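All remarks here apply to the structure that follows.
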Amino acid sequence: MTFKLGLLSFWSLWHSIVLLTNLCEGLKQLRVLPARWTFASKNYDAIVQATQKYHPAPWIPRLLFSGVLIWQLVILVGFGWALVASVRSGWMDPDHVSIAFGLSLSLLAAFIIADELCTEYDTEHGHILFFIAQLVTVIALAVLPH
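Heads up, the final residue of the sequence shown is numbered 149 in the working numbering, and it's a clean run with no missing numbers.
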């Protein structure tokens with residue numbers, strides 16, 4: 004159980020850091036944080052660059068970035084619930100764990116599709132690796148003994 008909780012804790016922490024760096028990026032874009040602020044993801048600029056070939060309206064990258072932030076917040080809540088439910092029950096709560104990873108994998112799948120649509124193959128490679136790593140974790144949580 005300790006190893007499984009460690010895996011769940013790792014992904015919870017990872018998602019926390021990803022959300023926090025993206026929030027800082029958003030605050031930099033809004034000029035709430037200074038431009039020299041280094042703890043930020045640069046993902047907003049990546050979205051702008053990736054969508055540039057389609058000449059979107061200026062609000063489209065902002066909407067996409069905001070949607071990702073909301074999705075990441077929901078994912079983090081899902082992982083929090085999975086972690087708390089698993090600790091309380093003394094075993095991995097399969098429903099909460101499935102929801103958390105389902106939310107995360109669905110966002111990564113959306114990224115992979117968006118990468119393909121925007122021909123961002125280098126970025127897509129990273130998203131595929133995260134997708135595979137999370138699938139391996141889901142399988143490990145399902146097959147490893149308590």
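For every residue, glycine included, the Cβ atom is placed at its ideal position computed from N, Cα and C.
Note that the coordinates shown come from a computational prediction; the quantities given were computed from them, not determined experimentally.
Cut-off 8 angstroms between Cβ atoms - residues of its own chain near residue i, not counting five sequence neighbours on either side
i, result
"Gly83", "Ser15"
"Phe133", "Leu111"
"Ser107", "Trp14, His18, Ile78, Gly81, Phe82, Gln137"
"Phe6", "Leu147"
"Cys27", "Leu36, Trp40, Phe42, Ala43, Ser44"
Outcome for residue i when other beta-carbon atoms lying within 10 angstroms are tallied against a minimum of 16
i, result
"Asp125", "exposed"
"Met4", "exposed"
"Ser109", "exposed"
"Phe114", "buried"
"Pro61", "exposed"
"His58", "exposed"
"His130", "buried"
"Leu33", "exposed"
Same chain, Cβ closer than 7 angstroms to residue i, five either side skipped, listed in chain order
i, result
"Glu119", "Glu127"
"Ala143", "Leu10"
Range of the contiguous alpha helix (DSSP H) that encloses residue i
i, result
"Val146", "124-146"
"Gly81", "62-92"
"Asp96", "First-last for Asp96: undefined, no H or E at that position."
"Trp14", "5-32"
"Ala49", "46-54"
CA nearest to the CA of residue i, picked from the options
i, options, result
"Ile46", "Arg34, Val80, Ser69", "Note on residue identity: the sequence assigns Asn, not Ile, to residue 46. Measuring from the Cα of Asn46, the nearest candidate turns out to be Ser69."
"Val51", "Leu36, Arg34, Gly29, Ala38", "Gly29"
"Gly81", "Phe104, Thr140, Ala53", "Phe104"
"Leu67", "Thr54, Cys27, Val141", "Thr54"
"Lys31", "Ser44, Ser101, Ala143", "Ser44"
"Ala49", "Leu36, Pro37, Val71", "Val71"
"Val141", "Cys121, Ser101, Phe6", "Ser101"
"Trp74", "Leu33, Val21, Gly129", "Val21"
"Lys56", "Ala117, Arg34, Asn25", "Ala117"
Beta-carbon contacts of residue i that lie in its chain and below 6 angstroms, excluding the five residues immediately before and after
i, result
"Ser89", "Met95, Asp96"
"His99", "Trp84, Ala85, Ala88"
"Cys121", "Ala53"
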